[in-house]
Amino acid sequence: MKPVESFPREIEDLLSTHRRGFLRSAGLLAVSFSGWLTSAGAQNAAAPQPPGPYPTPDFRQVDSWIVIHENNTATFYVGKTDPGQGTGTGFRQLMSDELDIAFEKTTCIMGSTDNTVDQIGSGGSTAMERDSWPMRRVAAEARRVLLEMAAARLAVPLEQLTVRDAVISARADAAKRVTYGELIGGRKFSITLTGDSINSVTGRAKTKPVPELHYTGQSPQRDDIPAKVDGSLKWAVDVKLPGMVHARNVKPPFAGATLTAVDESSVNSLPGFVKVMRKGNYLAVVCEREEQAILAARRLKATWRKPATPPFPASAQLFDYMRTASSASGTPGAEAAPTVVGNPDAAFAGAAQTLEAEYEIPFQGHTAFSGAHAMADPSKGQMTIYSNDMKSYGMRRCVAAFLGMPPDRVRVVWMFGPQGYGRSAAEDAACEAAWIARELGRPVRVQWMRDEETAWDTKGPAFLVSLRGALDRDGRLSGYSYRALSCDANHLGYNEPDSVLIAQFMGVRKTRPAAGSAALPSDMYAIPNRSMEGRVVGLPMLWETPLRTGNLRDPNGPQATFAAESFIDEAAAAAKADPLEYRLHLLQSAGGDDDAFRRARSLAVLRAAAAAFGWTPRPSPLRSQAAGPILTGRGIAYSFRGRTIVAQIAEVEVNRTTGHVWAKRLVCAHDCGLVVNPEALRRAVECGTLHGLSRALHEEVQFNTEKVTSVDWISHPALRHADVPDRIDVVLVNGDPNPNRPDLPPYGAGEAALKPMLAAIGNAIYDATGVRIRRVPFRDDRVLAALKAAGV
Amino acid sequence: MSRIELKVNGRSHTLDVEPATPLLYVLRNDLGLQGPKFGCGLAQCGACKVIINGAAVTSCVLPVASVKGEITTLEGLASNGKLHPLQQAWIDEQVPQCGFCQNGQIMTAKALLDKTPHPTSAQIRQAMNDTLCRCMSYYRVQVAIKRASQRIAGPAPTAEEKEVQA
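The listed protein sequences correspond, in order, to chains A and B.
When you line the first sequence up against this note's numbering, it's residues 818 to 1609, in that order.
When you line the second sequence up against this note's numbering, it's residues 111 to 276, in that order.
Encoded structure:
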């Protein structure tokens, strides 16, 4: 085997591909990659390191974030990863604005542990909301330092200088000018920042107010897209190293099974066979070629013993199980004290009308488009992981702890990959690849197969939500009670060396499983008497189970919001009120200053959605339907996530002879404060909205009492082209209704667009048919059965 | 192992692989192509699609020895250094999120437009329906196909013009 002596060529290609558009526009195609990175200024931040150790770049050094090149271009280094919303382009826009350099002359390197600072990676839709701030402050500081250098060089007082496109000149005499490249190109800033943490790191310069941002608010094309459509991008799946081999896992055929025997003779004469890897219940086969490993994993004869008791109920009995589990004592789980406002008991006692409803949301999965994967290279006693996991820094710590290596001997190179929307199985695959690579002493690529990914990926927990409402004589909600049960007793965190799947199979157990949460609704409704509580219940089997739970895009938001926003619709229907006006009324009550501000923004977003849709007030359901099989209806839902507000309206067609639901038209009004790149945001919102539609119409992980039976795109359907609406309108509100507060910061965007969609579809089905379905997904058979039961 | 001859994107290759090896792994691992992707290995999602004899086919279950005809992959769509109009439309419309499925979307759309230069919305939905996207870029894919169709074949003929042609 040929050892890898330096930064692999593949990675050089990846990085140069990533900024190819920049190179082309800057006319720099002839500049070699090594030429860039060996410039003196880049030594600290991004020079290709000899194989280990890999210290963490110091976030208090300007040089760790920004490199100015002699040709007056800049490279930004940020500790973020991009699951596909184009955040790297957004960071370039913001940093170019603060640095005062042309956007086209910048590029951005993201998320690899040895050459970018530790900003965790991505998650929580916090890219712009939280993590763009240190970037902006550092860029502003770099600009300040460059201005000081120019003042000395040009012998012009600082206040008489102006800067544009990385050129500093004297206001009075344009001939007196110097470029950033001339001032510092190829050299280090050597400026130390202050701040205790990466989120507080700062220099002396202030960031610009919003009106002074130039690129921010424009829509330059995302820099990652060209290479994604011409086939030139090197993805994590494309890394090839000398001497590499391919591994495939052999998962237990039954949840909770114990591996009792492996017959290696069943595979060891197959072509390319390298080794069977086994420890505890972890089992994998390694072969020279990929297709050989796939074949060997299928052929390997292993004997498994079933667990003595069923690991979980069948999915058809899940909610009955959860109802029982809720009252069982000793159930592993967490119970939070109820959040109470006013006096709900009194409100219910004095109600003119009370409503009760229960909503069911099954397990839904990541089911990434391609299975989890990683490449691990153990050369020279180090470990380099090539992965698309969104939290590369956590992965480094996890792999180091799992293998018992010092963290600075582990490097994670983040590369693009399929759909990383939360705690996916990417980190499980990375630990598997790392362990096998160390055992074999060869680079190993692990790739989960389709059935493995769909069955064994982490899941968003099932929810059972009970809601009660007290309506006064005017039909208004005077009392409200929300009780959620969440099947989330062993919620997996990110990159935990004691909970990644391979550790579980090897017998590692946390002393105490970390219960997840039963999320509460996130809205700004002013309901005077309100009680909300969530409780976590567990399935019988907590470990080595395919029904393992973890963060899935907008964790628990779609579940809680489906229940809460369906129920508001039920209250509106009981009050014979228009569902939009009913919500507007709940948001019009006065409150403290910040509450009033949030409600004002909420009202603006709901009204923007209604205006785009052409909403005319009337109660649901629609009374007069045309003859024939197609019933049409409309539904609205709203949420307040963090500080981001989303209102969605769906127009659906329900076929009463087949039960098929088609969302013919969708509107999503969205306010996330300052919008950095409107077109990129529109796409992310469009896709998030459709992801919500997929979870509303199709997605459910099903299982019997032995194993998950959703194993591919037939047994686990998701949205397809045929489901796509005729029209989607995304309305970016980005407005502050208070003229005294015109400078909103950016809030989170991405996940928020999933939250209300399930309820909007359910409400639209009710509007069309008069039938309230309190269980997602709205698959044809479920809808048809509900319509038949109601005589529709 | 046996000798297999393949013509891919205009270049001929002679390889020594098992005849039953799915074409996908040969393209990716022996020829170093990155356009076709492994998505499901079950011919269900379309990530691995290539064009053979004008049809977009799933390469993940296609034995390499059974391939008859020249193979075009995503890398082979551009000509003379110019992107295919579909690829350009994908950039203009900013279609991808993660982008992992877009090989399948583009190759399926290419086969569609080659046969049906002015597809209706219904024809697009039908032709594209087995090509999955987990980021849900479907809506924008359909918009981009219409944009590329206009670029390749000009505006769709009106009903009257169609009648005249008929």
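Even for Gly, the Cβ is constructed at its ideal location relative to N, Cα and C.
As the structure is a prediction and not an experimental result, all values here were calculated from the model.
key: Chain-ordered neighbours of Pro1542 of chain A on chain B, where CB pairs are closer than 9 Å   = Your numbering for residue 1542 of chain A matches position 725 in the first sequence. Pro1542 of chain A reaches chain B at Tyr249, counting residues in chain order whose Cβ is nearer than 9 Å.
task = Quick one: residues in its chain with C-beta nearer than 7 Å to the C-beta of Leu911 of chain A, no 5 flanking neighbours on either side, listed in chain order?
result = Here residue 911 of chain A is taken as the residue at index 94 of the first sequence, counted from 1. Counting only Cβ-Cβ distances below 7 Å, and skipping sequence neighbours, we find Ser949, Met952, Arg953, Thr1033, Val1493.
ask   = Are the beta-carbon atoms of Ser797 of chain A and Pro1495 of chain A separated by less than 8 Å?
value = Lying outside 818 to 1609, the shown extent of chain A, residue 797 of chain A is not represented and no answer is given.
Closer than 8 Å to chain B by CB, His1538 of chain A = Along the first sequence, one-based indexing puts residue 1538 of chain A at 721. Chain B, which has a Cβ nearer than 8 Å to the Cβ of His1538 of chain A, makes this yes.
query = Does the separation of the CB atoms of Arg1267 of chain A and Met1192 of chain A fall below 8 Å?
reply = Translated into positions along the first sequence, residue 1267 of chain A becomes position 450. Translated into positions along the first sequence, residue 1192 of chain A becomes position 375. Contact: no.
query = How about His1477 of chain A: is its C-beta nearer than 8 Å to some C-beta of chain B?
reply = Here residue 1477 of chain A refers to the residue found at position 660 when the first sequence is read from its first residue. No, because no Cβ of chain B sits closer than 8 Å to the Cβ of His1477 of chain A.
message = If we define contact as Cβ-Cβ less than 8 Å, is Leu846 of chain A a contact residue for chain B?
response = Here residue 846 of chain A is taken as the residue at index 29 of the first sequence, counted from 1. Because the pLDDT at Leu846 of chain A is just 28, under 50, the model does not fix this residue reliably, and the value given afterwards should be weighed accordingly. Taking Cβ atoms only, chain B never reaches closer than 8 Å to Leu846 of chain A, which makes this a no.
ask   = In angstroms, rounded to a whole number, what distance separates the CA positions of Gly1292 of chain A and Ala1044 of chain A?
value = Numbered from 1 along the first sequence, position 475 holds the residue referred to as residue 1292 of chain A. Numbered from 1 along the first sequence, position 227 holds the residue referred to as residue 1044 of chain A. Rounded to the nearest angstrom, the two C-alpha atoms are 56 Å apart.
message = Restricting to Cα atoms, I'd like to know which of A:Asp1488, A:Trp1530, A:Ser1241, A:Val995 is closest to Val1547 of chain A.
response = The residue labelled residue 1547 of chain A in the question sits at position 730 within the first sequence. Among A:Asp1488, A:Trp1530, A:Ser1241, A:Val995, the Cα nearest to that of Val1547 of chain A belongs to A:Asp1488.
CB-CB length for Cys158 of chain B against Leu242 of chain B, believed under 8 Å = Taking the second sequence and counting its residues from 1, one reaches residue 158 of chain B at position 48. Taking the second sequence and counting its residues from 1, one reaches residue 242 of chain B at position 132. Wrong, their Cβ atoms sit about 12 Å apart, outside the cutoff.
inquiry  = For Asn190 of chain B, count the other beta carbons within 10 Å of its own beta carbon; 16 or more makes it buried, fewer makes it exposed. Which is it?
reply    = For this step, residue 190 of chain B is matched to residue 80 along the second sequence. By the Cβ neighbour-count rule, Asn190 of chain B is exposed, with fewer than 16 other Cβ atoms within 10 Å of its own.
query = According to a CB-to-CB cut-off of less than 8 Å, which residues of the stretch 215–227 of chain B neighbour chain A?
reply = Ile216
key: Closer than 8 Å to chain B by CB, Val887 of chain A   = The sequence position of residue 887 of chain A within the first sequence is 70, counting from 1. What sits at residue 887 of chain A in the sequence shown is Glu, not Val. Not an interface residue.
task = Could you name each continuous alpha helix (DSSP H) segment of 4 residues or more that falls completely within the stretch 894–918 of chain A, going from the start of the chain to the end?
result = Listed in chain order, they are 904–916.
inquiry  = Determine whether the beta carbon atoms of Ser929 of chain A and Val1230 of chain A lie at a separation below 8 Å.
reply    = Within the first sequence, residue 929 of chain A is the residue found at index 112, counting from 1. Within the first sequence, residue 1230 of chain A is the residue found at index 413, counting from 1. The answer is yes: Cβ separation under 8 Å.
Limits of the unbroken beta strand (DSSP E) element including Gln236 of chain B = Here residue 236 of chain B is taken as the residue at index 126 of the second sequence, counted from 1. DSSP places Gln236 of chain B outside any beta strand (DSSP E); the residue lies instead in the alpha helix (DSSP H), whose first and last residues are 231–238.
ask   = In the stretch 153–179 of chain B, which residues sit with their C-beta less than 7 Å from some C-beta in chain A, listed in chain order?
value = Gln154, Cys155, Ala157
ask   = What residues in its chain sit with their C-beta under 7 Å from that of Gly1333 of chain A, if we drop five residues either side in the sequence?
value = Within the first sequence, numbered from 1, the residue matching residue 1333 of chain A stands at position 516. Closer than 7 Å at the Cβ level, and outside the excluded window around Gly1333 of chain A, lie Pro1278, Ser1303, Asp1305, His1308, Val1353, Thr1366.
request  = Keeping to the same chain, check which residues put their C-beta closer than 6 Å to that of Ser1464 of chain A; ignore five residues upstream and five downstream.
outcome  = Counting from one through the first sequence, the residue named residue 1464 of chain A turns up at place 647. According to the sequence displayed, residue 1464 of chain A carries Ala and not Ser. Hits under 6 Å: Val1422, Leu1423, Ala1426, Tyr1455, Ala1486.
Contacts around Met873 of chain A, its chain only, beta-carbon distance under 6 Å, and the 5 residues preceding and following it disregarded = Your numbering for residue 873 of chain A matches position 56 in the first sequence. Per the sequence shown, residue 873 of chain A should be read as Thr rather than Met. Closer than 6 Å at Cβ, skipping near neighbours: Asp935.
ask   = Does DSSP classify Val1588 of chain A as helix, strand or coil?
value = Looking up residue 1588 of chain A in the first sequence gives position 771. Residue state, collapsed to three classes: coil.
request  = Would you check if the stretch 1063–1078 of chain A and the stretch 1113–1124 of chain A touch, i.e. whether three or more CB-CB distances between them fall below 8 Å?
outcome  = yes
inquiry  = Strictly under 8 Å for the Cβ-Cβ distance: is Gly120 of chain B near chain A by that measure?
reply    = Residue numbering aside, residue 120 of chain B sits at position 10 when the second sequence is read from its first letter. Not an interface residue.
From B:Arg250, B:Val118, B:Asp126, residue whose alpha carbon lies closest to that of Asn111 of chain B = Sequence index remark: in the second sequence, residue 111 of chain B carries index 1 (1-based). Note on identity: in this sequence residue 111 of chain B is Met, with Asn being the wrong assignment. Met111 of chain B has its Cα closest to that of B:Asp126, out of B:Arg250, B:Val118, B:Asp126.
ask   = Under a CB-based cut-off of 8 Å, is Arg257 of chain B close to chain A?
value = The residue labelled residue 257 of chain B in the question sits at position 147 within the second sequence. Answer no: the Cβ-Cβ gap between Arg257 of chain B and chain A never drops below 8 Å.
ask   = So is the beta-carbon of Leu137 of chain B under 7 Å away from any non-hydrogen atom of the ligand MN?
value = You won't find the ligand MN in this model; it holds no ligand whatsoever.
query = Helix, strand or coil: which one does DSSP assign to Arg1095 of chain A?
reply = As a first step, residue 1095 of chain A is located in the first sequence; it is residue number 278 there, counting from the start. Arg1095 of chain A: strand per DSSP, three-state reduction.
ask   = From the beta carbon of Leu1369 of chain A, is the nearest beta carbon of chain B less than 8 Å away?
value = Position 552 of the first sequence, counted from the start, is the residue given in the question as residue 1369 of chain A. Residue contact check for Leu1369 of chain A against chain B: no CB pair falls below 8 Å.
task = Mark Ser856 of chain A as exposed unless 16 or more other C-beta atoms lie within 10 angstroms of its C-beta, in which case mark it buried.
result = For the purposes of this step, residue 856 of chain A is taken as residue 39 along the first sequence, with counting starting at 1. With a pLDDT of 30 at Ser856 of chain A, under the threshold of 50, the predicted position of this residue should be treated as unreliable, though the coordinate-derived value follows. The C-beta of Ser856 of chain A has 16 or more other C-beta atoms within 10 Å across all chains shown, which makes the residue buried.
ask   = How many Å lie between Gly1459 of chain A and Ala1247 of chain A at the Cα?
value = The residue labelled residue 1459 of chain A in the question sits at position 642 within the first sequence. The residue labelled residue 1247 of chain A in the question sits at position 430 within the first sequence. Between Gly1459 of chain A and Ala1247 of chain A, the C-alpha separation is close to 31 Å.
message = At the 8 Å Cβ level, is Gln233 of chain B part of the contact set with chain A, yes or no?
response = Counting from one through the second sequence, the residue named residue 233 of chain B turns up at place 123. Not closer than 8 Å to any Cβ of chain A, the Cβ of Gln233 of chain B fails to qualify, so no.
key: Three-state secondary structure assigned by DSSP to Val1528 of chain A   = The sequence position of residue 1528 of chain A within the first sequence is 711, counting from 1. It is coil, neither helix nor strand.
query = Mind checking if Arg113 of chain B is an interface residue toward chain A, Cβ cutoff 8 Å exclusive?
reply = By one-based count along the second sequence, residue 113 of chain B stands at place 3. It does not; no Cβ of chain A falls within 8 Å.
task = Go through its chain and collect everything with a Cβ distance to Ala1336 of chain A's Cβ below 6 Å, but skip five positions before and after it.
result = The count along the first sequence starts at 1 and reaches residue 1336 of chain A at position 519. So the qualifying residues of the chain are Asn1373, Ala1377.
query = Under 8 Å between C-beta atoms, does Phe1186 of chain A make it to chain B?
reply = Locating residue 1186 of chain A in the first sequence gives position 369, where the first residue counts as 1. At least one chain B Cβ lies under 8 Å of Phe1186 of chain A.
ask   = Can you find at least 3 beta carbon pairs, one from the stretch 209–218 of chain B and one from the stretch 119–137 of chain B, that sit closer than 8 Å?
value = As far as the Cβ criterion goes, the stretch 209–218 of chain B does not touch the stretch 119–137 of chain B, which means the pair count is below three.
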